[in-house]
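Novice:
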């Protein structure tokens, strides 16, 4: 097994990220006094011989009811503060397992095994945990980094094309945010091999994508300096669409759509260079996303209301991440007429 | 208003502790974008002109249902991540408000206004938040220190004798744990003035008691080094009694009773000097606690089971805090026959 990153956390701890070659290597990592959580889709990747709870799948299950099931199962099994919670699945399961482990006896240990591309490049690093609340995404949660993240790319073989594409939405977001062009160059040259799930290409893309995320989160672990906020590129537009559509949309599709809106808004406001915006939008389209979806005008008020519930609101003003160019995010409010122009037309 | 402590936290932040002379000083502290939480007993101390939610009183309300009410009220009022949660009340309200603020959008700001002696000397420092879960006390929670703690001793004038005594249970615990004898000497000399609620004596006692707590928590902010565990003197015995009695007992009464059991067990095991144990027990009795309560033998199995659910369990073994003498706590398992000998006889 190869350790690809050791991400420094405050207090002198680390999140260690590994590539596993097969499930045997995953099983070898698990110790006594562990407890695993999966959903119906990821249950086949549960480590052997570990007590576990399997939840129903889907974003609509990301609520207290599910977190409660995790906590009560842990309690029944007699887990202590030094026991290990193991989350096995996509972002929903990982976020909830991490949230449960962060509040169980004020903090148990945590290992994450992402089984979707989106989770591999997004949900496992940075310590964001949470559940949906009161109609808003991730409105309740904590910052609680895992002590280890095990990426077994073999789990991607059984992933649906739709789910795979969702992960690509985050990867392309990282390619814009990266200070260098390694990831964008890699994507331009290798998109087909990646889409055919060539394992070597996948590993390289995951590694490059994680490197960008690590660059941002280590500078701003708890989103207090405005640096890490850049990782929310596409999320303010995207989350509001998800809220409006009752989570019928996948997170990756929403973020890809939101990133397109952010590029279009930035271009309209003279912040994003036209070339950069157009190249970005065409790369997102090449990945197979529906970027032309528009909000019907009669729903625009409800859409704005959903934007107003965004966690990123400070001093009462919602700020969006826009791009001044490669690796140059800025946080800025957008006039409502421009929001309307990009999402409704 | 007098700032009496500025407690360093990891990451360069501080919890500032103030003495307020009246409610005017408290009101002057509150800023826009705040939201206060109280229960029926503490509602009269809510700051003016701040939106608030008032919950039913009592330990049995310390559950997700109440935390949910706090979170949903905050959401309805449009609170953002940089808004201020203000907890006003005893330990139950402060723990739940702090827990809610710690998970609201992954962490809002937090101010605590304790209105009971127990909360003033115990619940406001150290960042422990939580709610009861699955029959166990504080099994779900976080570490999330407040940015400010406002102690207005005037609130103690309306406190019942029983509630006041509960706070004294924690104070006497701190007097044993202190490396010096300032607090024990003060208590021996001034117990009557304190019990008459003489304000100058109360301030001095609260200040000395907080100094002991600060000594322990700054050495071990997240209870990972076994130092802070000493603050649990009396808690393992006491929590199990509370669990057995369905929380009909107050926390301070349970801790005082538990401290007596710990002194008796330490004496029986040859760990605690007889003089120290006897003097300690008689000081606790002087404060008016029922120290002679015994667990009926037929309930001993259930009592042991409640001990087994204790958060302080590590590697499957429950460790108790016993005293080797003034300011010398040790963490050790206790043989079951000794537990039985002290709690059943």
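Chains as they are written, first to last, in this note's numbering: chain A, 1 to 345; chain B, 1 to 345.
Cβ atoms here follow ideal geometry from the backbone N, Cα and C, with glycine treated the same way.
(1) Taking DSSP's pairing of strands, which residues face residue 8 of chain B in a bridge?
(2) Using the C-alpha atoms, what's the distance from residue 341 of chain A back to residue 294 of chain A?
(3) Measuring alpha carbon to alpha carbon, tell me which of A:91, A:150, A:23, A:158 ends up nearest residue 250 of chain A.
(4) Measuring CB atoms only, is the segment 43 to 53 of chain B touching the segment 27 to 34 of chain B, in the sense that at least three cross pairs come out at less than 8 Å?
(5) Can you check which of these residues, B:242, B:271, B:284, B:180, is closest to residue 260 of chain B by C-alpha distance?
(6) Less than 8 Å between CB atoms is the rule here; does residue 352 of chain A satisfy it with respect to chain B?
(7) Give a yes or no on whether 8 Å exceeds the smallest Cβ distance from residue 320 of chain B to chain A.
(8) Tell me whether residue 88 of chain A sits in a helix, a strand or coil according to DSSP, three-state version.
(9) When the distance is taken between beta carbons, is residue 148 of chain A closer than 8 Å to residue 111 of chain A?
(10) Is the shortest distance between the beta-carbon of residue 137 of chain B and the beta-carbons of chain D less than 8 Å?
(11) For residue 19 of chain B, write down the residues that DSSP places opposite it in a beta bridge.
(12) Would you say residue 85 of chain B faces chain A, with C-beta separation under 8 Å as the test?
(13) Give a yes or no on whether the minimum CB-CB distance between residue 130 of chain B and chain A is below 8 Å.
(14) Could you please give me the residues that DSSP links to residue 35 of chain B through a beta bridge?
(15) Considering only residues of the same chain and omitting the five flanking positions on each side of residue 124 of chain B, which have a CB-CB separation below 7 Å?
(16) Rank B:200, B:61, B:173, B:197 by C-alpha distance to the C-alpha of residue 216 of chain B and give the top, closest one.
(17) From this set, B:180, B:178, B:214, B:164, which residue's C-alpha is nearest residue 191 of chain B's C-alpha?
(18) Need the endpoints of the beta strand (DSSP E) that residue 138 of chain B sits in, please.
(19) Is residue 132 of chain A helix, strand or coil by DSSP?
(20) Keeping to the same chain, check which residues put their C-beta closer than 6 Å to that of residue 277 of chain A; ignore five residues upstream and five downstream.
(21) Can you list, in chain order, the residues of its chain with a C-beta nearer than 7 Å to that of residue 54 of chain A? Leave out the 5 residues immediately preceding and following it.
(22) Please go through the same chain and pick out, in chain order, the residues whose beta-carbon is closer than 6 Å to the beta-carbon of residue 201 of chain A, but skip the five residues on each side of it.
(23) Answer with buried or exposed for residue 133 of chain B, where buried requires no fewer than 16 other C-beta atoms within 10 angstroms of its C-beta.
(24) Going by the CB atoms, is the gap between residue 177 of chain A and residue 329 of chain A shorter than 8 Å?
(25) In this structure, does DSSP put residue 101 of chain A in helix, strand or coil?
(26) Excluding the 5 residues flanking residue 1 of chain A on each side, which residues of the same chain have their C-beta closer than 6 Å to its C-beta?
(27) Quick one: what's got a C-beta closer than 6 Å to residue 333 of chain B's C-beta in the same chain, skipping five residues either side?
(28) Which residue from B:171, B:183, B:331, B:203 puts its Cα closest to that of residue 230 of chain B?
(29) Please state whether the Cβ-Cβ distance between residue 346 of chain A and residue 154 of chain A is less than 8 Å.
(30) For residue 184 of chain A and residue 305 of chain A, I'd like the C-alpha separation in whole angstroms.
(31) On the three-state DSSP scale, how would you describe residue 269 of chain A?
(32) For chain A, find out if any of its Cβ atoms is closer than 8 Å to the Cβ of residue 10 of chain B; answer yes or no.
(33) Cβ atoms of residue 338 of chain B and residue 265 of chain B: under 8 Å apart, would you say?
(34) Taking buried to mean at least 16 other C-beta atoms within 10 Å of its own C-beta, is residue 272 of chain A buried or exposed?
(35) When Cβ atoms are compared, which residues of the segment 61 to 83 of chain B fall closer than 9 Å to chain A?
(36) On the DSSP bridge assignment, give the partners of residue 332 of chain B in chain order.
Specialist: The relevant details are as follows:
(1) What you label residue 8 of chain B is simply residue 8 of the second chain in a count that begins at 1. When DSSP reads this structure, residue 8 of chain B sits in a beta bridge with B:14.
(2) As a first step, residue 294 of chain A must be located in the first chain, where it is residue number 294. As a first step, residue 341 of chain A must be located in the first chain, where it is residue number 341. Distance between the alpha carbons of residue 294 of chain A and residue 341 of chain A is about 10 Å.
(3) By one-based count along the first chain, residue 250 of chain A stands at place 250. If we check each option's Cα against that of residue 250 of chain A, A:91 comes out closest.
(4) yes
(5) Position 260 of the second chain holds residue 260 of chain B. The shortest C-alpha separation from residue 260 of chain B is found at B:284.
(6) Examination of residue 352 of chain A is not possible in this model, given that chain A is present from 1 through 345 alone.
(7) To locate residue 320 of chain B, count along the second chain from 1; it is residue 320. No, because no Cβ of chain A sits closer than 8 Å to the Cβ of residue 320 of chain B.
(8) Working through the first chain from its first residue, we reach residue 88 of chain A at position 88. Looking at residue 88 of chain A - three-state DSSP - the assignment turns out to be strand.
(9) Walking along the first chain from the start, residue 111 of chain A turns up at place 111. Walking along the first chain from the start, residue 148 of chain A turns up at place 148. For residue 111 of chain A and residue 148 of chain A, yes; Cβs fall inside 8 Å.
(10) Chain labels in this structure do not include chain D; the protein chains are A and B.
(11) Indexing the second chain from 1 puts residue 19 of chain B at position 19. Partner(s): B:2, B:151.
(12) As a first step, residue 85 of chain B is located in the second chain; it is residue number 85 there, counting from the start. Answer no: the Cβ-Cβ gap between residue 85 of chain B and chain A never drops below 8 Å.
(13) As a first step, residue 130 of chain B must be located in the second chain, where it is residue number 130. With 8 Å as the cut-off, residue 130 of chain B counts as an interface residue toward chain A.
(14) Working through the second chain from its first residue, we reach residue 35 of chain B at position 35. B:85, per the DSSP bridge assignment.
(15) One-based indexing of the second chain puts residue 124 of chain B at position 124. In chain order, 94, 112, 114, 146, 149 place their CB closer than 7 Å to the CB of residue 124 of chain B, counting only its own chain and leaving out the 5 sequence neighbours on each side.
(16) Counting from one through the second chain, the residue named residue 216 of chain B turns up at place 216. By alpha-carbon distance to residue 216 of chain B, the top candidate from B:200, B:61, B:173, B:197 is B:173.
(17) Here residue 191 of chain B is taken as the residue at index 191 of the second chain, counted from 1. For residue 191 of chain B, the nearest C-alpha among the options comes from B:164.
(18) Position 138 of the second chain, counting from 1, holds the residue named residue 138 of chain B. Run containing residue 138 of chain B: 136 to 140, per the beta strand (DSSP E) assignment.
(19) As a first step, residue 132 of chain A must be located in the first chain, where it is residue number 132. Correct three-state label for residue 132 of chain A: strand.
(20) To locate residue 277 of chain A, count along the first chain from 1; it is residue 277. Result list for residue 277 of chain A: 263, 267, in chain order.
(21) Start at 1 with the first residue of the first chain, and residue 54 of chain A comes out as number 54. Only 38, 39, 40, 43 meet the Cβ criterion.
(22) Here the question's residue 201 of chain A lines up with position 201 in the first chain. Here the set comprises 190, 193, 194.
(23) Taking the first residue of the second chain as position 1, residue 133 of chain B is located at position 133. Flag for residue 133 of chain B reads buried.
(24) Residue mapping note: residue 329 of chain A aligns to position 329 of the first chain, counting from 1. Residue mapping note: residue 177 of chain A aligns to position 177 of the first chain, counting from 1. Result yes, Cβ atoms of residue 329 of chain A and residue 177 of chain A sit closer than 8 Å.
(25) As a first step, residue 101 of chain A must be located in the first chain, where it is residue number 101. Residue 101 of chain A: helix per DSSP, three-state reduction.
(26) Numbered from 1 along the first chain, position 1 holds the residue referred to as residue 1 of chain A. Excluding sequence neighbours, residue 1 of chain A sits near 18, 20, 25.
(27) Mapped onto the second chain, residue 333 of chain B falls at position 333. The answer, listed in chain order, is 317, 319.
(28) The sequence position of residue 230 of chain B within the second chain is 230, counting from 1. Looking at the Cα atoms, B:331 is the closest of the given residues.
(29) Chain A is shown only over 1 to 345; residue 346 of chain A falls outside these bounds and no answer can be derived.
(30) Taking the first chain and counting its residues from 1, the one referred to as residue 184 of chain A is at position 184. Taking the first chain and counting its residues from 1, the one referred to as residue 305 of chain A is at position 305. Cα-Cα distance, rounded: 34 Å.
(31) Taking the first chain and counting its residues from 1, one reaches residue 269 of chain A at position 269. When DSSP states are grouped into helix, strand and coil, residue 269 of chain A belongs to the coil group.
(32) Start at 1 with the first residue of the second chain, and residue 10 of chain B comes out as number 10. Yes, its Cβ sits closer than 8 Å to a Cβ of chain A.
(33) Position 265 of the second chain, counted from the first residue, corresponds to residue 265 of chain B. Position 338 of the second chain, counted from the first residue, corresponds to residue 338 of chain B. It is a contact, given that the beta carbons lie within the stated cut-off.
(34) Taking the first chain and counting its residues from 1, the one referred to as residue 272 of chain A is at position 272. Flag for residue 272 of chain A reads buried.
(35) 64, 68, 71, 72, 75, 76, 78, 80, 81, 82
(36) One-based indexing of the second chain puts residue 332 of chain B at position 332. According to DSSP, residue 332 of chain B bridges with B:320.
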